[in-house]
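Reading through the structure tokens given below for one structure.
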Amino acid sequence: MINQDRTVRDTFVLGASAGGIEALAGILKRLPATLSATVGIVLHRSPTFESQLDRLLGRFSALPVGEPADGDPIKAGQVYVAPRDVHMSMHDDRWRLYRGPKVHFSRPAIDPLFMSAAASRGRRAVGVLLSGGGSDGVLGLLAIKAANGLSIAQQPSEAQAPSVSFPLR
Amino acid sequence: MNGLPEQFPTDGRAAFTGLVCPDCSGNLVVSVRSDHVSFHCRVGHAYGIAELVLAKEGALESAVWRAVFAFEELAVLLADLDRHGLVHWCGPDNCRARSELAQEQANRLRAIIEADRLLAERSPGNGEIRMGPA
Chain W
1184 MINQDRTVRD TFVLGASAGG IEALAGILKR LPATLSATVG IVLHRSPTFE
1234 SQLDRLLGRF SALPVGEPAD GDPIKAGQVY VAPRDVHMSM HDDRWRLYRG
1284 PKVHFSRPAI DPLFMSAAAS RGRRAVGVLL SGGGSDGVLG LLAIKAANGL
1334 SIAQQPSEAQ APSVSFPLR
Chain F
162 MNGLPEQFPT DGRAAFTGLV CPDCSGNLVV SVRSDHVSFH CRVGHAYGIA
212 ELVLAKEGAL ESAVWRAVFA FEELAVLLAD LDRHGLVHWC GPDNCRARSE
262 LAQEQANRLR AIIEADRLLA ERSPGNGEIR MGPA
């Protein structure tokens, strides 16, 4: 994705909580198989039960969808989903999966992914915050914006669980 | 006892609060970025305003349940000691009276929990809480 300023945006990070699968599926459906960008997704999910979220989201995506392992390289043309009970963040073009402190009651949480995208990809990052996750993701979006990336938040009125704290400036 | 600082920090800096983290009891600091108030502790637990209130209410209920358990455990311990004839050292009547009082206190605490009403139950709409003018 190149905007009018010819800025390459090749890192999309998406975060969602309750009711977010539908919105995520709607975005994934629209991504072409030829997309040369990385997509990272955090969905608030049970730390206990294996939900096969990557397989579920894979049904809606022309791009391959999977859960990375700690240290895996971050590749373009791939959708990465945070596994249950670990935070997923970007470090030096590799994924870091770690069982850190819960952020906004959640692990995985959206902020660690968004903040690491801001730090490691800067203006190349696009953060998309969907469907009410409480406060999780707000600081991350602000960090992406501060790094000259692009921050997008779903309108609360469109969300199935509209509880995101706004505004973003 | 102070909860929040008199002055909120600006430009993303953090200020100590008089509050502790609901998850680990570490000191909480508060910071404000673009109207968004957030709290975090040294190890990295993080909360928005509403999340912190919810967590504190949850911690309060847990604390009272622990007190209920302590009273009920004491009541049953004293009752069983009496049943086994092991209360010569304090007198059977004293033991029974203490056991009954402990059970009454437990019942009072159960009633307190039942009568308590969480902030979320009182909040209209989606519970959004913001700094500054609406």
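Protein chains in written order, with our numbering: chain W, 1184 to 1352; chain F, 162 to 295. Note that the Cβ used here is the ideal one computed from N, Cα and C, for glycine as well. Being a predicted model, the structure only gives us computed values, none of them experimental.
Chain F contact for residue i (CB, 8 Å cutoff)
{"i": "W:HIS1287", "result": "yes"}
{"i": "W:SER1318", "result": "yes"}
{"i": "W:PRO1215", "result": "no"}
{"i": "W:ASP1253", "result": "no"}
{"i": "W:GLY1283", "result": "yes"}
{"i": "W:LEU1280", "result": "no"}
{"i": "W:ASP1294", "result": "yes"}
{"i": "W:VAL1321", "result": "yes"}
{"i": "W:LEU1207", "result": "no"}
{"i": "W:LEU1325", "result": "yes"}
Neighbour flag for residue i against chain W, beta carbons, 8 Å
{"i": "F:SER223", "result": "no"}
{"i": "F:VAL214", "result": "no"}
{"i": "F:ARG194", "result": "yes"}
{"i": "F:VAL191", "result": "no"}
{"i": "F:ALA220", "result": "no"}
{"i": "F:VAL181", "result": "no"}
{"i": "F:GLY205", "result": "yes"}
{"i": "F:ALA211", "result": "yes"}
{"i": "F:SER199", "result": "yes"}
{"i": "F:ASP184", "result": "yes"}
Contacting residues, own chain, Cβ-Cβ under 6 Å from residue i (five flanking each side not counted)
{"i": "F:VAL193", "result": "PHE169"}
{"i": "W:ALA1265", "result": "VAL1225, MET1271, PRO1291"}
{"i": "F:LEU180", "result": "GLY164, LEU189"}
{"i": "W:LEU1322", "result": "ASP1294"}
{"i": "W:GLU1250", "result": "ASP1237, VAL1264, PRO1266"}
{"i": "W:VAL1286", "result": "ALA1292, ASP1294"}
{"i": "W:THR1190", "result": "ARG1306"}
{"i": "F:VAL214", "result": "LEU280"}
{"i": "W:ILE1335", "result": "VAL1311"}
{"i": "F:GLU218", "result": "LEU279"}
Residue i classed as buried or exposed, judged by whether at least 16 other C-beta atoms fall within 10 angstroms
{"i": "F:CYS182", "result": "buried"}
{"i": "F:ALA258", "result": "exposed"}
{"i": "W:PRO1350", "result": "Note that W:PRO1350 has pLDDT 41, beneath the 50 cutoff, so the model's placement of it is unreliable and no number is given."}
{"i": "F:GLU261", "result": "exposed"}
{"i": "W:ILE1204", "result": "buried"}
{"i": "F:CYS202", "result": "buried"}
{"i": "W:ILE1327", "result": "buried"}
{"i": "W:ARG1304", "result": "buried"}
{"i": "F:MET292", "result": "Bear in mind that the predicted position of F:MET292 carries a pLDDT of just 35, short of 50, making it unreliable; the figure below should be weighed with that in mind. So F:MET292 ends up on the exposed side."}
{"i": "W:THR1231", "result": "exposed"}
{"i": "F:MET162", "result": "exposed"}
{"i": "F:LEU238", "result": "exposed"}
Terminal residues of the alpha helix (DSSP H) in which residue i lies
{"i": "F:ARG174", "result": "Unbroken run through F:ARG174: none, as it is neither H nor E."}
{"i": "F:VAL237", "result": "210 to 244"}
{"i": "W:PHE1297", "result": "1293 to 1304"}
Same chain, Cβ closer than 7 Å to residue i, neighbours up to 5 away in sequence not counted
{"i": "F:ALA216", "result": "PRO183, TYR208"}
{"i": "W:ILE1257", "result": "THR1221, MET1273, ASP1276, ARG1277, TRP1278"}
{"i": "W:ARG1228", "result": "SER1234, LEU1236, ARG1267"}
{"i": "W:ALA1245", "result": "LEU1214, PRO1215, ALA1216"}
Range of the contiguous beta strand (DSSP E) that encloses residue i
{"i": "W:ALA1336", "result": "1333 to 1336"}
{"i": "F:ARG257", "result": "That residue, F:ARG257, is in no beta strand (DSSP E); its alpha helix (DSSP H) goes 253 to 276."}
{"i": "W:MET1271", "result": "1270 to 1274"}
Same chain, Cβ closer than 8 Å to residue i, five either side skipped, listed in chain order
{"i": "W:LEU1239", "result": "ILE1204"}
{"i": "F:ILE234", "result": "Correcting the residue type first, residue 234 of chain F is Glu in the shown sequence and not Ile. Excluding residues within five positions, none has a Cβ falling inside 8 Å."}
{"i": "W:SER1289", "result": "SER1200, HIS1227, GLY1316, ASP1319"}
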